[in-house]
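Just below is one structure, and these are the notes that go with it.
There are 2 protein chains.
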Amino acid sequence: MTSSLQADPQRVGEVLYKTLRDRIISGELRPGTRLSVPALAEEFRVSRSPVRDAVIRLVQENLAAETMNRGAEVARISRAELVSLYEAREVLEGAVARLATEKYDAALRRSLLALLTEHRTVAEQGDFARHLELDAAFHREIRQAAKSPVLARMLDGVQSRVLVAMRSTSLTGGMVQAVHDHQAIFEAIGSGDPEAAELAARAHIHRLKELLSAAD
Amino acid sequence: MTSSLQADPQRVGEVLYKTLRDRIISGELRPGTRLSVPALAEEFRVSRSPVRDAVIRLVQENLAAETMNRGAEVARISRAELVSLYEAREVLEGAVARLATEKYDAALRRSLLALLTEHRTVAEQGDFARHLELDAAFHREIRQAAKSPVLARMLDGVQSRVLVAMRSTSLTGGMVQAVHDHQAIFEAIGSGDPEAAELAARAHIHRLKELLSAAD
DNA sequence: TCGACACTATCTGCATGCAGTGTTGAACGC
DNA sequence: GCGTTCAACACTGCATGCAGATAGTGTCGA
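Line by line, the protein sequences are chains A and B. Just so it is clear: in the first sequence, position 47 is 57 by the working numbering, and no numbers are missing. Just so it is clear: in the second sequence, position 50 is 60 by the working numbering, and no numbers are missing.
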């Protein structure tokens, strides 16, 4: 071992992939931005190979799009595709809510309750940035509790692309309403009724999708 | 233009990716098979670069798994993950059935009916290989009709990995029962009731999942 | 006979070379 | 002023070089 306590990856390509992914999701790299392999290689002071690897992975994940002999650019996600993403998200969130209910325990109850409590305060205070974090955290908690790696991975992919799309389409969606929906999901999960939990989660996402279609 | 009439890809890496993907899905490359980049490069008479690109894409798609400094091998899909795949597939097939119902037209009716008719004959005759094809075709027709690229892509990924998993776990599942389920889905879609279509599709996949859990 | 160790072969992962191609912009004609 | 031509540039995509790491093999000692 050299020095630090890092466990797994430390392949340059892996680090680059995660870095670029973060920059895309955070909006630092906006949709349409060219992903020039030589330029990125120079920026990160590495050769072109690991950069190319990272870009290929981003393309495969639909976070970037490539044209023949023109390389890749950060994906531009259309309104139509955003709706399609929400169609997927609706049923996937429903599924994880159902599974989480079947695996419900005190630890899950505590963490969801903590998130919900803070979220309510934050929403009333109008802290939008923190609202987004708590919103994401709430859903993340549920999908981790569902213990379905397949569904979790899909939701991750959907969520990433939704965030990218949001860079051009700000869907605020109402913080108070979000808290209200989350409360309903929490109660359904807590009641031990998988069916109710699924319906509550679906209704939550469905409402967001409708907002999306309405807003032009 | 050189000679042939092929339109888009013509990147070596793209062709390799599709070829390897097909071989994995078809079972020609069995789970656990090492994907040695130099060996594949020699087999296909190309350099290691496009092979590496293809392997990276397979890994990103979870059709291959890699270990640090040991490269990739064809994914081994556990029983637990197969169940997880079916949990995802259940809700995804439900979603596309719902959407297909909303977009139902005569063309869809014709193609589904044709598939269903042949499927019934084939099932009675006990032609298992053809049964698998028709089964897949039926679901493919519905998810194309749904016109949701996001859901379609997810289902493709799920289906690929299910096929890989099936190489070690033969789940026959009853051809006649499959036809019966498909008939119910067809009728629900045709009736124009999205809710019913979703439920029918989900019930179909759910039944397969139960079979999976039961069979050891 | 059996285990430890060193050695070899092979592969991964990063770096780099290079031909073909798309893009840009400037010179030129009109 | 405006459109066209063409040449320089930049980048993609494939090929290849190479250091480090890992697995497999054989040898030696007990």
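Just so it is clear, CB atoms sit at the ideal spot from N, CA and C, and this is done for glycine as well.
Partner residues on chain A for residue i, Cβ-Cβ distance less than 8 angstroms
i               : result
P159 of chain B : E91 and S94
Three-state class that DSSP yields for residue i in the structure shown
i               : result
R230 of chain B : Past the boundaries of the shown model lies residue 230 of chain B; chain B is included only from 11 to 226, so the question cannot be answered.
S223 of chain A : helix
L144 of chain B : helix
S13 of chain A  : For S13 of chain A, the predicted model reports a pLDDT of 34, less than 50, meaning its position is unreliable and no value from the coordinates is stated.
L39 of chain A  : coil
Q135 of chain B : helix
G104 of chain A : helix
G23 of chain B  : helix
K28 of chain B  : helix
S88 of chain B  : coil
Y96 of chain B  : helix
L209 of chain A : helix
I215 of chain B : helix
H129 of chain A : helix
Closest Cα partner of residue i within the set the options
i               : options                           : result
E208 of chain A : A:R55, A:P48, A:A156 and A:V106   : A:V106
L109 of chain B : B:E205, B:E220, B:E38 and B:A224  : B:E205
E143 of chain A : A:S36, A:A64, A:R31 and A:V25     : A:S36
M78 of chain A  : B:M164, B:G23 and B:A194          : B:G23
E103 of chain A : A:A124, A:A64 and A:F148          : A:F148
T29 of chain B  : B:F54, B:A175, B:S121 and B:G136  : B:F54
A133 of chain B : B:N72, B:H190, B:S223 and B:I195  : B:H190
R163 of chain B : A:R21, A:R33 and A:E71            : A:E71
A155 of chain A : A:T111, A:R99 and A:A194          : A:T111
R44 of chain B  : B:A74, B:S158 and B:S170          : B:A74
V168 of chain B : B:Y96, B:A210, B:I195 and B:L222  : B:Y96
E38 of chain A  : A:M176, A:I152 and A:R150         : A:M176
G101 of chain A : A:L222, A:S223, A:L221 and A:A210 : Sequence check: residue 101 of chain A is Val here, not Gly. Of A:L222, A:S223, A:L221 and A:A210, the residue nearest in Cα terms is A:A210.
A139 of chain A : A:V69, A:L50 and A:M185           : A:M185
T127 of chain B : B:S94, B:D145 and B:G202          : B:D145
G202 of chain A : A:V47, A:L118 and A:R31           : A:L118
S158 of chain A : B:L92, B:V25, B:P48 and B:D32     : B:L92
R120 of chain B : B:R86, B:S94, B:E151 and B:V47    : B:E151
K219 of chain B : B:S94, B:A82 and B:G136           : B:S94
S88 of chain B  : B:P41, B:P60, B:L123 and B:A124   : B:P41
E197 of chain B : B:V25, B:L123 and B:H141          : B:L123
A85 of chain B  : B:R33, B:Q187, B:A224 and B:I195  : B:R33
G81 of chain A  : A:D63, A:H216 and A:H192          : A:D63
R153 of chain A : A:A49, A:R99 and A:R58            : A:R99
Neighbouring residues, chain B, relative to residue i (Cβ below 9 angstroms)
i               : result
A188 of chain A : Within chain B, no residue comes near A188 of chain A; the closest Cβ sits about 22 angstroms away, beyond 9 angstroms.
R67 of chain A  : I66, R67, V69 and Q70
Bridge partner(s) assigned by DSSP for residue i
i              : result
L45 of chain B : B:A82
Contacts that residue i makes with chain A (C-beta to C-beta distance below 9 angstroms)
i              : result
D63 of chain B : R62, D63 and I66
Chain-ordered chain B contacts of residue i [CB-CB under 8 angstroms]
i               : result
E97 of chain A  : A105, L109, S158, V160 and L161
V101 of chain A : V101, L102, G104 and A105
M164 of chain A : A98 and M164
Interface residues of chain B facing residue i [CB-CB closer than 7 angstroms]
i               : result
V132 of chain A : Those do not exist, as V132 of chain A stays about 30 angstroms from chain B at its closest Cβ, beyond 7 angstroms.
Task: Any alpha helix (DSSP H) of 4 or more consecutive residues that is wholly inside the region 58 to 86 of chain A - done: You should have 58 to 70.
TODO: Identify every run of the alpha helix (DSSP H) within the region 155 to 200 of chain A, keeping only runs that are complete inside it and at least 4 residues long; order them along the chain.
DONE: Runs found: 159 to 176 and 185 to 200.
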